[in-house]
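*Asks:*
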Amino acid sequence: MTSAGRVLAQPTDESHRVTTIELFFDLVFVFAFTQVTALMTSDLTLRGALRGLVLLASIWWTWGSYSWLGNHSKADAGVVRGGMIAGIAAMFVAGLAIPRAWARDGGGLSAALVLAGALAFVQISHIAVYFLAAKGDSKVQGQILRMGAAVCVSSTLLVVGAFMGGPAQTVLWFAGLFANYAGVYFGGTNWRPPMAAHFAERHGLIVIVALGESFVAVGLGASQAPITSSVIIAALLGMLISLSLWWTYFDVTAVFAERVLAAAEGLERIRLARDSYTYLHFPMIVGIIYLAVGLKKVMSYVATHSSHELTGVPLYALFGGVSLYLLAIVAFRYRNVHSLSVPRVVAAFICLALILIAAQLPALAALSMTAAVLVCLIAFEAIHYAGARTRIRYS
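Under the working numbering, read the sequence shown as residues 25 to 419, first letter to last.
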């Protein structure tokens, strides 16, 4: 599309791949995930966990919105490039405000208002850029306007909640997010069918970004103490857990899911992309970030030579985060091929059951149990499904 002799937007095609500006865009989400982890580890209560969840939902909504935009039109050309740069700036400012999003003292600007304003800006600018990029396609533009109505409601609730603070802020921010998620789900399906390879690649990359936060959490948890053999063992166990989560997604599941998306057409592809990627990848990301909270606390205990048991939120975050991630992958697969992965369901519930035992053991033992469950799951699948795995990966 052109405007006054200049490129307004360049539509994508099935050969489209992730652009470098999208990779750069993801860098601010690395920062945002780290900041959410910091907020939750500074308030290891149910309140802190809920606040982390609402922030993760806001971050995910923003990232997902721009993944659809970059799939519709090339992110490194025309007005979309400008929109991506504006989104990067706004999300960086939002990240700065995350750790003090509920604080009411300390001077300076209100972190809650800064965060709400930045998120509102990035969502509204996304709608404007998407509308321009869809010039000439009245159905898509109508869909964007319906999404824009939900975004306006959400943005208003964000700002009002920031003014109110405390529990009211949390409730209103949850309400705003519900307006966004429900608005898209029930607002119609007149989107352009997404380009399968690019869409699957983008979501795979954000899983990698989230898994990177688990490495950061391990490093930060041990950063204020000398390196000991226990620290090295705990760090390697944390890495093994992250590697196992990577394996469960990328070894077969992601490969097959991309093929299923590519084979779907029209309305079915739109719905599949919305359900499998925009919605069902969110609990995967939440599970990974909650896991990072648990890993950070384990490392702090190990680094200070403490044999303290892992209790409360960190305990539930460690085992519950892994369980949530596995169940989200099970749901992802079921939505794609209507097939239930029984071993992964069993592993998820074993993790939940182990909470009762792990609460009586040193933190390092709890970490070892988590790693053992995942390694056993991968070993079982690699042996039991060897033939199917080979056909999917190498056919």
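Glycine is no exception: its CB is placed at the ideal position from the N, C-alpha and C atoms.
Could you give the C-beta distance for residue 214 and residue 164, rounded to a whole number, given that I count them as a contact under 8 Å?
*Replies:* Here residue 214 corresponds to residue number 190 of the sequence shown, with the count starting at 1. Here residue 164 corresponds to residue number 140 of the sequence shown, with the count starting at 1. Yes, residue 214 and residue 164 are in contact; Cβ-Cβ is about 6 Å, under 8 Å.
*Asks:* With 16 other CB atoms within 10 Å as the buried threshold, where does residue 217 fall?
*Replies:* Walking along the sequence shown from the start, residue 217 turns up at place 193. That one is buried.
*Asks:* What separation, rounded to the nearest whole angstrom, lies between the Cα atoms of residue 369 and residue 419?
*Replies:* On the sequence shown, position 345 is the one that residue 369 refers to. On the sequence shown, position 395 is the one that residue 419 refers to. Between residue 369 and residue 419, the C-alpha separation is close to 27 Å.
*Asks:* Should residue 359 and residue 365 be called a contact, given that it needs their Cβ atoms to be closer than 9 Å?
*Replies:* In the sequence shown, counting from the first residue as 1, residue 359 sits at position 335. In the sequence shown, counting from the first residue as 1, residue 365 sits at position 341. No, the Cβ-Cβ distance between residue 359 and residue 365 is not below 9 Å.
*Asks:* Span of the alpha helix (DSSP H) holding residue 110?
*Replies:* Taking the sequence shown and counting its residues from 1, the one referred to as residue 110 is at position 86. 102 to 121 is the extent of the alpha helix (DSSP H) around residue 110.
*Asks:* Tell me which same chain residues have a C-beta within less than 6 Å of the C-beta of residue 284, skipping the five on either side of it?
*Replies:* Locating residue 284 in the sequence shown gives position 260, where the first residue counts as 1. Taken in chain order, the residues that qualify are 360.
*Asks:* Name the DSSP bridge partner or partners of residue 247?
*Replies:* Counting from 1 along the sequence shown, the entry for residue 247 is found at position 223. None; residue 247 has no bridge partner.
*Asks:* Beta carbon of residue 107, beta carbon of residue 162: below 9 Å?
*Replies:* Position 83 of the sequence shown, counting from 1, holds the residue named residue 107. Position 138 of the sequence shown, counting from 1, holds the residue named residue 162. No.
*Asks:* So, helix, strand or coil for residue 42, using DSSP?
*Replies:* On the sequence shown, position 18 is the one that residue 42 refers to. In this structure, residue 42 counts as coil in the three-state DSSP scheme.
*Asks:* Is the stretch 318 to 334 touching the stretch 380 to 389 in the sense that three or more CB pairs, one from each, lie closer than 8 Å?
*Replies:* Touching, yes, given that three or more Cβ pairs across the two stretches are closer than 8 Å.
*Asks:* Within this structure, are the beta carbons of residue 186 and residue 139 separated by less than 9 Å?
*Replies:* Locating residue 186 in the sequence shown gives position 162, where the first residue counts as 1. Locating residue 139 in the sequence shown gives position 115, where the first residue counts as 1. Yes, the pair counts as a contact, with Cβ atoms nearer than the cut-off.
*Asks:* To the nearest whole angstrom, what separates the beta carbons of residue 208 and residue 119, a pair I think is in contact under 8 Å?
*Replies:* Working through the sequence shown from its first residue, we reach residue 208 at position 184. Working through the sequence shown from its first residue, we reach residue 119 at position 95. At roughly 24 Å, the Cβ-Cβ gap does not stay under 8 Å, so residue 208 and residue 119 are not in contact.
*Asks:* Could you give the residue range of the alpha helix (DSSP H) that holds residue 163?
*Replies:* Locating residue 163 in the sequence shown gives position 139, counting from the first residue. First-last of the alpha helix (DSSP H) with residue 163: 162 to 188.
*Asks:* Determine the burial state of residue 43: buried for a count of at least 16 other Cβ atoms within 10 Å of its Cβ, exposed for fewer.
*Replies:* As a position in the sequence shown, residue 43 is number 19, starting the count at 1. With 16 or more Cβ atoms within 10 Å of its Cβ, residue 43 is classed as buried.
*Asks:* Excluding the 5 residues preceding and the 5 following residue 340 in the sequence, name in chain order all residues of the same chain whose CB lies nearer than 7 Å to its CB.
*Replies:* As a working mapping, residue 340 is identified with position 316 in the sequence shown. 379, listed in sequence order.
*Asks:* Among all the DSSP beta bridges, which residues are the ones paired with residue 238?
*Replies:* As a first step, residue 238 must be located in the sequence shown, where it is residue number 214. Per DSSP, none; premise fails for residue 238.
*Asks:* Using CA coordinates, which residue listed in 34, 47 and 41 is at the minimum distance from residue 232?
*Replies:* Taking the sequence shown and counting its residues from 1, one reaches residue 232 at position 208. When only C-alpha atoms are compared, the closest one is 47.
*Asks:* In the DSSP assignment, find the alpha helix (DSSP H) that holds residue 92 and state where it starts and stops.
*Replies:* Position 68 of the sequence shown, counted from the start, is the residue given in the question as residue 92. Counting along the chain, the alpha helix (DSSP H) containing residue 92 begins and ends at 70 to 96.
*Asks:* Within this structure, are the beta carbons of residue 315 and residue 265 separated by less than 9 Å?
*Replies:* The residue you call residue 315 lines up with position 291 of the sequence shown. The residue you call residue 265 lines up with position 241 of the sequence shown. Yes, the Cβ-Cβ distance between residue 315 and residue 265 is below 9 Å.
*Asks:* By how many angstroms is the C-alpha of residue 243 removed from the C-alpha of residue 411?
*Replies:* Position 387 of the sequence shown, counted from the first residue, corresponds to residue 411. Position 219 of the sequence shown, counted from the first residue, corresponds to residue 243. Distance between the alpha carbons of residue 411 and residue 243: 38 Å.
*Asks:* Excluding five sequence neighbours on each side, which residues of the same chain lie with their C-beta closer than 8 Å to the C-beta of residue 424?
*Replies:* Residue 424 is absent from the structure shown; the chain starts at 25 and stops at 419.
*Asks:* Give the DSSP-derived three-state secondary structure of residue 218 in the structure shown.
*Replies:* The residue given as residue 218 occupies position 194 in the sequence shown. If DSSP states are grouped into helix, strand and coil, residue 218 belongs with coil.
*Asks:* What first and last residue would you give for the alpha helix (DSSP H) that runs through residue 253?
*Replies:* Position 229 of the sequence shown, counting from 1, holds the residue named residue 253. That run of the alpha helix (DSSP H) goes 253 to 274.
*Asks:* For residue 35, which residues does DSSP report across the bridge?
*Replies:* Counted from its first residue, the sequence shown places residue 35 at position 11. For residue 35, which the question treats as bridged, DSSP gives the partners 97.
*Asks:* Short of 7 Å in beta carbon distance, which residues of its chain neighbour residue 240, apart from the five on each side in sequence? Order them along the chain.
*Replies:* Your numbering for residue 240 matches position 216 in the sequence shown. Once the five neighbours on either side are set aside, the close Cβ partners of residue 240 are 58.
*Asks:* Tell me whether the beta-carbon of residue 87 lies closer than 9 Å to the beta-carbon of residue 50.
*Replies:* As a first step, residue 87 must be located in the sequence shown, where it is residue number 63. As a first step, residue 50 must be located in the sequence shown, where it is residue number 26. It is a contact, given that the beta carbons lie within the stated cut-off.
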